[in-house]
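Residue numbers (this note's numbering): 66 to 169.
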């Protein structure tokens, strides 16, 4: 259910980036900065959780935005190191899965 909800949100965002490189148009704007954390985290979460949420075929515009955004040198410089993020999210996913297993 959470995955479907995320995909509905992605579909909404997909409509609002159409025709632009960024949500702010051709330049990074406020909404890009507000949403900018999610491409880096989501990519790692998809890997750690063995899932595919932001599918390039299903959401090509949003996927393209994510790639462009995290490729901007200043943005890239401010992102947390991938290895630390993998470790952090691996622990979180393991914890959630253990809770789910204990409640079944």
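The beta-carbon is built from N, C-alpha and C at its ideal position, and this holds for glycine as well. These figures come from a predicted structure and were not determined experimentally.
Counterpart residues of residue 87 in DSSP-defined beta bridges:
Counted from its first residue, the chain shown places residue 87 at position 22. Per DSSP, 90.
Distance between beta carbons of residue 90 and residue 96, contact taken as under 8 Å
Locating residue 96 in the chain shown gives position 31, where the first residue counts as 1. Locating residue 90 in the chain shown gives position 25, where the first residue counts as 1. In fact, because the Cβ distance is near 10 Å, the residues do not count as touching under 8 Å.
Would a C-beta distance cut-off of 7 Å place residue 126 and residue 83 closer than the cut-off?
Your numbering for residue 126 matches position 61 in the chain shown. Your numbering for residue 83 matches position 18 in the chain shown. Going by C-beta atoms, residue 126 is nearer than 7 Å to residue 83.
Indicate whether residue 134 and residue 101 have their beta-carbon atoms separated by less than 7 Å.
Counting from 1 along the chain shown, the entry for residue 134 is found at position 69. Counting from 1 along the chain shown, the entry for residue 101 is found at position 36. With a cutoff of 7 Å on beta-carbon distance, residue 134 and residue 101 are scored as near each other.
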